[in-house]
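Protein chains in written order, with the numbering used here: chain R, 1 to 476; chain D, 1 to 209.
Even glycine gets a Cβ: it sits at the ideal position worked out from N, Cα and C.
Have a look at the structure below before the remarks.
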Amino acid sequence: MSAPKTLYDKIVDEHRILSFDEAGGAGERLLLYIDRTVLNEYTSPQAFSGLRDAGRKPWRPEASLGVVDHVNSTNPDREAGHLDDGARRQIAYLSENGRDFGIEIFDLFDSRQGIEHVVMPELGLVLPGMVIAAGDSHSTTYGAFGVVGFGIGTSDIEHLLATQTLVYRRLKTMRVTVDGRLAPGVTAKDLIMEVIRRIGADGASGHAVEFAGEAIDALGVEARMTICNMAVECGARVALMAPDDKVVDYIDGCPRAPSADLLERAQIEWRTLRSDPDARFDKDVWLSADDIPPMVSWGTSPDQSLAITDVVPDPEALPPARRADAVRALAYMGLAPNTPLQEITIDRAFIGSCTNARLSDIRDAASILKGRKVAPGVRAMISPGSSGVRSAAEAEGLDRIFIEAGFEWRRSGCSLCLAMNDDSLAPGERCASSTNRNFEGRQGVGGRTHLMSPAMVAAAAVSGRLADVRTLAVAS
Amino acid sequence: MEHFVRLSGPVAAMPAANIDTDVIMPKTFLKGIDRLGLAVGLFHDLRFDENGALRPEFILNRRDMAETRFLLVGPNFGCGSSREHAVWGMLQYGIRGIIGSSFGAIFADNAANNGLLLLSLPPAQLAELAACLDDGAGQITVDLEAQRIETGAYAGSFDIDQALRRALMLGLDRIGETLTYTDRIRAFEKAYLAGKPWLMGGHGDERVS
Ligand code: SF4
């Protein structure tokens, strides 16, 4: 009998073309076959230029898809342009590369355009057991399907395009087991923020993290994507969850999913995609979902977060190693120690990003907004994760709820998640945001970001300050 | 890619934890389709104020730091976005090596692909090195061949992955190397896809059947 294996090692073994090492195990250097990639307009241009310069061609062009998402405007009147010269050039170059190298591109006016990590799964292009590497750090999202997904830089995009492989180093493994059940009003976003708070921004550094336990099993596929997406914020290079029937149901019926016959066959193999019972992980972490509260970030690193019922920390009370960073974060955020988080007033509210802009997220936020109004002085906007999500939400009438509450119903893109487009915070503006990074300047130079779930953003928008979603009865 | 064998030069300490790639290379500099012009973007919002004037208090703006070649950094340096522009900007600015305890994983791969040396030292050794710097700055020599690191007051050795060391010293063409395995890749791909017919569909087909 062979030694018990983790899910991560099973998938890596299936994709190992050859090993450069004798030893094997974590740290093994190997040539890894990559099933698919998705390209965006801002990390891919130099990879294509590299191919052109060397006279190389993509190995398997049909294994790549290009999407415009980072630099485009989300102005409802997209057809009018709203692009700067750099953005226009990058978008045009992506199309040119698609044409010249035979790669399918969803440009700005394609009904399937959207954020890459929302588009890939909703098309049915993400299938259990795959390895997907892409030029964006949140490629960990695909782990919700039992996929080894990870971010790469532009040189590796070029390598992947030219060879369909990457020179890869096998990661160490970590398991995060979440028992219990999330309480009402508490979401997958709160769960992953709590994990990051506990283990730190580099707590999973160098590891492939498998999430397991009854709290994970109970979640829908979109909620699982939120967790795997944001796992990169604790340093995870790969996030993984064993695929189950919910995953198969999610894939079935997607436009690019395998046919029913093939899906039948695939499922037999997909059922083996789980860690063996006795598999050993290099690190194990346990937590209970029962006592996770709604979370908000107070600082400038995703691990600087707390329960909404808490107060801004006093750096003096923190361990010495964390003090200097906390002082700096509070100065940037314009916050005084011991201020109750719920007294922090906001200028902006944003629902969007590959973390939290899928249909279930939009429904969650709408349930809070229904019959309520955005507080005076707050500018609130929502950018659905893809053009497809946007139409689906409109078909349910959700756009009306947002618009009547006073939200701007924007087009799809990365938008205010990274402000590489015309959506950004002004210096000093404070934003309740459903995104994934509260880094200095992430949403605009001098902008102040508080991360939270979409429902918590809705609660903040109508309250004019950070608010506990559990205190707002859901209107019916 | 740059080669790195042995280099001496000024080192500047930036000890904050979690310095992310948004800070290293702000988004305003990501709108190009080539790799050029990124030196000015490096740590832009730390180096320059709102009016574009140099911030005198920032370490790289000090007169004695004009030729900085190395950074001594805090934990989890280079976390965040995958943007390789952060590494291109470092090299264009003149930074050739970064010494710390842990690095963002994608940043580390990007560095390796471009010949930017990243050294991970045990925290105690890093602290010892930092203590030898005068007001956060000094001169350092990194010898990759001998795996030695020296300042006026400190000398020690370091561990580094040998494949990475070889690549940094020789400046290899990684794609060219991988393509020497073309036959192995093709054979693998054929068998792999034959065993998993549901993977055959690519992005170009509406539905695989
Ligand atoms: S939404 Fe934000 S995190 Fe996601 S791909 Fe876009 S910029 Fe990156």
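Of all residues in the stretch 155-184 of chain D, only 163, 174, 175, 178, 179, 181, 184 place a beta-carbon less than 7 Å from a beta-carbon of chain R. Against residue 439 of chain R, the close residues of chain D are 20, 22, 23, 80, in the order they occur along the chain (beta-carbon pairs closer than 8 Å). As DSSP reads the structure, residue 134 of chain D sits in a beta bridge with D:137.
The C-beta of residue 436 of chain R has 16 or more other C-beta atoms within 10 Å across all chains shown, which makes the residue buried. Pairing residue 438 of chain R with residue 451 of chain R gives a Cβ-Cβ distance under 8 Å. For residue 244 of chain R, there are no CB contacts under 6 Å within the same chain when 5 residues up- and downstream are skipped. Taken from the Cβ of residue 22 of chain D, every heavy atom of ligand 1 lies 7 Å or farther away. Distances from the alpha-carbon of residue 164 of chain D to those of D:126, D:64, D:120 put D:120 closest. Distance from the Cα of residue 48 of chain D is smallest, within the candidate group D:36, D:37, D:61, for D:61. Here residue 48 of chain D is bridged, per DSSP, to D:54.
In the three-state DSSP reduction, residue 33 of chain D falls in the coil class, being neither helix nor strand. When distances are taken from the beta-carbon of residue 435 of chain R to the heavy atoms of ligand 1, the shortest one is below 7 Å. Around the beta carbon of residue 72 of chain R, 16 or more other beta carbons sit within 10 angstroms, so the residue counts as buried. At least one heavy atom of ligand 1 lies closer than 7 Å to the C-beta of residue 418 of chain R. The continuous alpha helix (DSSP H) containing residue 112 of chain D extends over residues 105-114. For residue 158 of chain R, the C-beta contacts it makes with chain D under 7 Å involve 175, in order along the chain. Between residue 139 of chain D and residue 9 of chain D, the beta carbon gap of about 7 Å places them in contact (Cβ cut-off 8 Å). At least one heavy atom of ligand 1 is found less than 7 Å from the C-beta of residue 353 of chain R. Distance from the C-beta of residue 79 of chain D to the nearest heavy atom of ligand 1 is not below 7 Å.
Within chain R, the residues whose beta carbon sits less than 9 Å from that of residue 114 of chain D are 153, 155, listed in sequence order. Look at residue 82 of chain R here: in three-state DSSP terms it is coil, with no helix or strand label. Using a Cβ-Cβ cut-off of 8 Å, residue 30 of chain D counts as an interface residue toward chain R, since at least one Cβ of chain R sits closer than that to its own.
Here residue 40 of chain D is exposed: its Cβ has fewer than 16 other Cβ atoms, across all protein chains shown, within 10 Å.
Across the structure, residue 70 of chain R and residue 417 of chain R are spaced so that their CA atoms are roughly 9 Å apart.
Annotation: the continuous alpha helix (DSSP H) that includes residue 182 of chain D extends over 182-195. Short of 6 Å from the beta carbon of residue 458 of chain R, and not among the five residues preceding or following it, lie these beta carbons of its own chain, in chain order: 365, 368, 369. With contacts defined as CB atoms closer than 8 Å, residue 170 of chain R and residue 294 of chain R fail to qualify as a contacting pair. Under the Cβ criterion of 8 Å, residue 188 of chain D is counted among the residues facing chain R.
If you compare the alpha carbons of R:433, R:420, R:334, R:325 with that of residue 361 of chain R, the shortest gap goes to R:433.
Shortest Cα-Cα distance from residue 51 of chain D to any of R:445, R:238, R:341 involves R:445. Contact check for residue 461 of chain R and residue 349 of chain R: beta-carbon distance about 4 Å, within the 8 Å limit, so the pair qualifies.
Take the alpha-carbon of residue 455 of chain R and the one of residue 206 of chain R: they are about 32 Å apart.
Taken in chain order, the complete beta strand (DSSP E) segments of 3 or more residues contained in the stretch 52-125 of chain R are 64-67, 104-106.
Here the stretch 304-324 of chain R lies against the stretch 338-348 of chain R, with 3 or more beta-carbon pairs under 8 Å apart.
At least one CB atom of chain R sits nearer than 8 Å to the CB of residue 84 of chain D.
Just measuring C-alpha positions, the residue of R:291, R:288, R:352, R:230 sitting nearest residue 303 of chain R is R:230.
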